[in-house]
Amino acid sequence: MREATSITDPSAGFFLTFEGGEGSGKTTQIARLASFLREQGHEVCTTREPGGTPAADALRQILLSGRARDLGGETEALLFAAGRRDHIEGVILPALWRGEIVLCDRFHDSTRVYQGSVGGVAPETLAVMEAATLEGVVPDLTLILDIPAEQGLQRAATRRGQDAADRFESEPVALHEQRRKAFLRIAASEPSRCVVVDAAREADVIEAEIRRIVMERLVRKQSFPQQLGKLSP
6 MREATSITDP
16 SAGFFLTFEG
26 GEGSGKTTQI
36 ARLASFLREQ
46 GHEVCTTREP
56 GGTPAADALR
66 QILLSGRARD
76 LGGETEALLF
86 AAGRRDHIEG
96 VILPALWRGE
106 IVLCDRFHDS
116 TRVYQGSVGG
126 VAPETLAVME
136 AATLEGVVPD
146 LTLILDIPAE
156 QGLQRAATRR
166 GQDAADRFES
176 EPVALHEQRR
186 KAFLRIAASE
196 PSRCVVVDAA
206 READVIEAEI
216 RRIVMERLVR
226 KQSFPQQLGK
236 LSP
């Protein structure tokens, strides 16, 4: 592991992940929340998976293009794990050591859903990969943006315009709906970490709810000021 460069305890930071299906609005809500938190005086690191470092971004191109599909589910999961390990060491942990709020677009729950629940990789196999990859780096809070698969895919198509759909966006609606249900099962199994947000609503309404949830969680950590600030957009 890369040597930390700060004397700050990593627990001083706050690690927040966003999960959900295609077109659920994660990117939009991360950008809005980051702007709000910075206005409140917090240092914020925004990042994404797959990606976040040069090596992980290179893996992202392979994974989203579909070139890794023929390698099989376990090998694909290993590629995601390799990118995640580099991402944790190069971006997430250093930011947490500096006491920052890390907002990450997808993390280990996406592997559990895409390669595990729907992709067929055994939970025991994923658990071994997680133990080796995460080494205790688990989100303080995970927001699962929930939207019916068909509606989410329509949003994704509108967003990309004339650009080609990536490997996941081009898959059948039924498969996306399976993933949606898998995310909801994770939320039900880990209620202290996961909060489900109805992402079928207007972006401003979703933003206001996310602000409330996040600020309530932040004030539970002694590292952050005990005030909620302005909650509505």
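In our numbering, the protein residues as written are 6 to 238.
Just so you know, even glycine gets a beta-carbon here, dropped at the ideal spot from N, CA and C.
Could you tell me whether the Cβ atoms of residue i and residue j are closer together than 8 Å?
i, j, result
"residue 51", "residue 108", "yes"
"residue 181", "residue 158", "yes"
"residue 112", "residue 22", "yes"
"residue 288", "residue 57", "No information on residue 288 is available, as it lies outside the stretch 6 to 238 that the chain covers here."
"residue 2", "residue 89", "With the chain represented from 6 up to 238, any question about residue 2 goes unanswered, as that position is not in the structure."
"residue 48", "residue 103", "yes"
"residue 110", "residue 35", "yes"
"residue 19", "residue 226", "yes"
"residue 204", "residue 152", "yes"
"residue 178", "residue 155", "yes"
Going by the DSSP bridge assignment, what does residue i pair with across the sheet?
i, result
"residue 150", "25, 202"
"residue 107", "20, 50"
Answer with yes or no whether the minimum CB distance from residue i to chain B is below 8 Å.
i, result
"residue 89", "Of the chains in the structure shown, none is chain B; there is only one protein chain."
Examine the ligand SAM and report whether any of its heavy atoms sits within less than 7 Å of the Cβ of residue i.
i, result
"residue 206", "Within the structure as shown, the ligand SAM is missing, as the structure has no ligands at all."
For residue i, which of the options has the nearest alpha-carbon?
i, options, result
"residue 46", "225, 106, 124, 76", "106"
"residue 131", "87, 82, 17", "82"
"residue 25", "184, 18, 77", "184"
"residue 60", "179, 153, 94, 39", "94"
"residue 69", "175, 207, 114", "175"
"residue 100", "191, 189, 17", "17"
"residue 195", "209, 162, 222, 114", "114"
Assuming residue i and residue j are in contact, meaning their beta carbons sit under 8 Å apart, how far apart are those beta carbons, in whole angstroms?
i, j, result
"residue 142", "residue 84", "Actually they do not touch by this definition, with Cβ atoms about 19 Å apart."
"residue 126", "residue 78", "5 Å"
"residue 213", "residue 123", "Not a contact, Cβ separation roughly 31 Å."
"residue 28", "residue 160", "4 Å"
"residue 189", "residue 201", "7 Å"
What alpha helix (DSSP H) runs, 4 residues minimum, are completely inside the stretch 16 to 59?
31 to 44
Sequence ranges, alpha helix (DSSP H) only - wholly within the stretch 76 to 101, length at least 4
78 to 92
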